[in-house]
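Working notes for the structure below.
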Amino acid sequence: MNWTRLWDLKHLQNIAVKNEEAKNIKAIVIDGGEFLETAITNLPSLRYLDLSDSESLTETPNLTGVPRLRKLVLEGCIKLRRIHRSIGILRELVYLNLRNCKKNFLNLNIIFRLNSLESVDLSGCSKLLDNGSAIQLSTSSVYKLLTLTKIEVHCTRKREDSLHFSRLRRLDLSFCNLFQIPDAIGSLQSLVSLNLEGNKFLRLSAAIKEFSNLCILNLNHCKQLKYFPELPTIKERSSRYHERLYVLNCPNLSEIEDCYHKALWQPFLAEIDIVVPGTQIPRWFSKQNVGNSITMDLSSVMDDPCWMGVACCALLAAHGDPTNLIADRFIPYSFEFILLPRVYRILYRIDSTLLTYDLVSGEMDHLFILLLSREQIFSNGNLYEDEVYDRVKMGFTAEKYG
């Protein structure tokens, strides 16, 4: 028996104690409901435990009986406030999902010693701040999460490879009601993906530029963000992650043109997506076309060593009907690049959930800017010979391209 899905949560322990085959179970998924167990025992082979949407759960169960657990999912446990100290014995735990756990955690610092963690998802944990005040940031869970490693290393002179979260590659702090990102986030040197979407800070910590392994940075819907950060220089490209910067719906970002140029000159970025309110395509887009398509001949620049990529811009005119904004999962676009005798077309899709009415005003026109590296164009573009087709059918229509 490798996995089991449970609906009757009252009998989890009966399965573990009375069923000899339970010792071989590697994954358990419990489909919400009322979780009554205080401990999970006698499941030595368990690798994956999903307790999502266990609405009555206030503390994680005792996990001493699952010492080889690698992934723990507690998403949507809206009353969860305490993590049982037994989590400290999980030396193989690589993934912890606390997404949309709405209560303020009383002891989140208990995960500080989990050096095995590679991915932590705290998205939607809007009460990581003790009382929602920026003044209280120094006592918030997230501040401790990001600063304790730096303080302890400074005081005890531990080796670099003994840092807490030394293996952490993915950190999701989206929609956590954060007013500030502490400089100590720079201690997380292994980060490859950082999601700060939907927070309330004015600027990012300068420590962002220290992330020499960072491939994905998500700043979508940071509506208070005014100052674009200096981006890191990556040591080497990742074969697992596709390098991207997301800056969708940051209406207060100042000097937006400088933002474009600063991002474009980062060699590690294969793709940059930016959506901001606007009615005019910037003048520095040298080729512009009214309508919903544009074609570019790249033959003249292919041998130019200074040519880094292409910046494309689309003016999205609002229909004014918010019900149209979620009609489809994606808004599809395609950009066509000619390198005679071949034609490369990149089909690009904006996730429509990024443009839902509660995040982006459907009454405003927006500019969609897509920056593509030369590698991205020719490695991911498809060869076509037909004409560019009509692409947009949602709450926004492409009126002009550049």
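For the sequence shown, this note's numbering assigns the number 406 to the last residue and increments by one with no breaks.
Ideal placement from N, C-alpha and C gives every residue a C-beta, glycine not left out.
*Where do the N-terminal and C-terminal ends of the beta strand (DSSP E) with Phe179 fall, by residue?*
Counting from 1 along the sequence shown, the entry for residue 179 is found at position 175. First-last for Phe179: undefined, no H or E at that position.
*From what residue to what residue does the beta strand (DSSP E) around Ser377 run?*
In the sequence shown, the residue the question calls residue 377 occupies position 373. Taken as a continuous stretch (DSSP letters only), the beta strand (DSSP E) holding Ser377 covers His370 to Ser377.
_Three-state class that DSSP yields for Gly80 in the structure shown_ = For this step, residue 80 is matched to residue 76 along the sequence shown. DSSP places Gly80 in coil when its eight states are reduced to three.
_Any heavy atom of the ligand MN inside 7 Å of the beta-carbon of Val251?_
Annotation note on the ligand MN: not contained in the displayed structure, which lists no ligands.
*Based on the DSSP secondary-structure assignment, which residues constitute the bridge partners of Asp307?*
Stepping through the sequence shown from its first residue, residue 307 is reached at position 303. Asp307 is not bridged to any residue.
*Just curious, the beta strand (DSSP E) that Tyr52 is in, first and last residue?*
Your numbering for residue 52 matches position 48 in the sequence shown. Per DSSP, Tyr52 belongs to the beta strand (DSSP E) from Tyr52 to Asp54.
_As assigned by DSSP and simplified to three states, the class of Asn113_ = For the purposes of this step, residue 113 is identified with residue 109 of the sequence shown, where counting begins at 1. Reduced to three states, the DSSP call for Asn113 is helix.
*According to DSSP, is Asn217 helix, strand or coil?*
Translated into positions along the sequence shown, residue 217 becomes position 213. Here Asn217 sits in coil by DSSP.
*asked:* Once the 5 residues before and after Thr68 are set aside, which same chain residues still bring their CB inside 8 Å of it?
replied: In the sequence shown, the residue the question calls residue 68 occupies position 64. These residues qualify, in order along the chain: Ala43, Thr45, Ser90 and Ile93.
*Which residues bound the beta strand (DSSP E) around Leu252?*
On the sequence shown, position 248 is the one that residue 252 refers to. It spans Arg248 to Leu252 - the beta strand (DSSP E) in which Leu252 sits, taken as one unbroken run.
*Helix, strand or coil: which one does DSSP assign to Asp187?*
Within the sequence shown, numbered from 1, the residue matching residue 187 stands at position 183. Helix at Asp187.
*asked:* Tell me which residues share the same chain as Val251 and place their Cβ nearer than 6 Å to its Cβ, disregarding the 5 neighbours each side in the sequence.
replied: Reading the sequence shown from its first residue, position 247 is the one you call residue 251. Taken in chain order, the residues that qualify are Leu223 and Ile278.
*asked:* Is the separation between the beta-carbon of Ser209 and that of Pro186 shorter than 8 Å?
replied: Here residue 209 is taken as the residue at index 205 of the sequence shown, counted from 1. Here residue 186 is taken as the residue at index 182 of the sequence shown, counted from 1. Their beta carbons are under 8 Å apart, which means Ser209 touches Pro186 by this criterion.
*Report the residue from Val77, Glu379 and Leu374 whose alpha carbon sits nearest the alpha carbon of Ala309.*
By one-based count along the sequence shown, residue 309 stands at place 305. Before going on, a small fix: residue 309 reads as Pro here, not Ala. Here the closest residue by C-alpha is Glu379.
*Can you round the beta-carbon distance between Lys83 and Val98 to whole angstroms, since I take them to be within the 8 Å contact cut?*
Counting from one through the sequence shown, the residue named residue 83 turns up at place 79. Counting from one through the sequence shown, the residue named residue 98 turns up at place 94. Their Cβ separation, rounded to whole angstroms, is 26 Å, which puts Lys83 and Val98 out of contact at 8 Å.
*asked:* Let me confirm a value: Glu201 is counted as buried when at least 16 other C-beta atoms fall within 10 Å, else exposed. Which label applies?
replied: Numbered from 1 along the sequence shown, position 197 holds the residue referred to as residue 201. Buried, because 16 or more other Cβ atoms sit within 10 Å of the Cβ of Glu201.
*Give the DSSP-derived three-state secondary structure of Lys27 in the structure shown.*
Here residue 27 is taken as the residue at index 23 of the sequence shown, counted from 1. Here Lys27 sits in helix by DSSP.
_Nearest neighbour of Lys213, chosen from Phe205, Val196, Gly190 and Lys227 [CA to CA]_ = Translated into the one-based positions of the sequence shown, residue 213 becomes position 209. Measuring from the Cα of Lys213, the nearest candidate turns out to be Gly190.
*Measure from the alpha carbon of Cys316 to the alpha carbon of each residue in Met306, Ser304, Ser303 and Ser290, then state which is nearest.*
By 1-based counting over the sequence shown, the position of residue 316 is 312. The option with the nearest alpha carbon to Cys316 is Ser290.
*Give a yes or no on whether the C-beta atoms belonging to Leu198 and Leu218 are separated by under 8 Å.*
As a first step, residue 198 is located in the sequence shown; it is residue number 194 there, counting from the start. As a first step, residue 218 is located in the sequence shown; it is residue number 214 there, counting from the start. Their beta carbons are under 8 Å apart, which means Leu198 touches Leu218 by this criterion.
*Hey, how far is the Cα of Ile373 from the Cα of Leu121?*
Against the sequence shown, residue 373 aligns to sequence position 369. Against the sequence shown, residue 121 aligns to sequence position 117. One C-alpha to the other measures close to 35 Å.
*Member of Pro71, Thr237, Gly80 and Val70 whose CA lies at the smallest distance from the CA of Leu55*: Residue numbering aside, residue 55 sits at position 51 when the sequence shown is read from its first letter. Closest by alpha carbon: Gly80.
*Could you spell out where the beta strand (DSSP E) holding Val124 opens and where it closes?*
Position 120 of the sequence shown, counted from the start, is the residue given in the question as residue 124. Ser123 to Asp125 is the span of the beta strand (DSSP E), which, as asked, contains Val124.
_In this structure, how does DSSP classify Gly92 when only helix, strand and coil are distinguished?_
Your numbering for residue 92 matches position 88 in the sequence shown. Correct three-state label for Gly92: helix.
*State the CB to CB distance for the pair Arg207 and Lys227, rounded to an integer number of angstroms; the pair is presumed to be in contact (CB under 8 Å).*
By one-based count along the sequence shown, residue 207 stands at place 203. By one-based count along the sequence shown, residue 227 stands at place 223. Not quite, the Cβ-Cβ distance comes to about 13 Å (not below 8 Å), so this is no contact.
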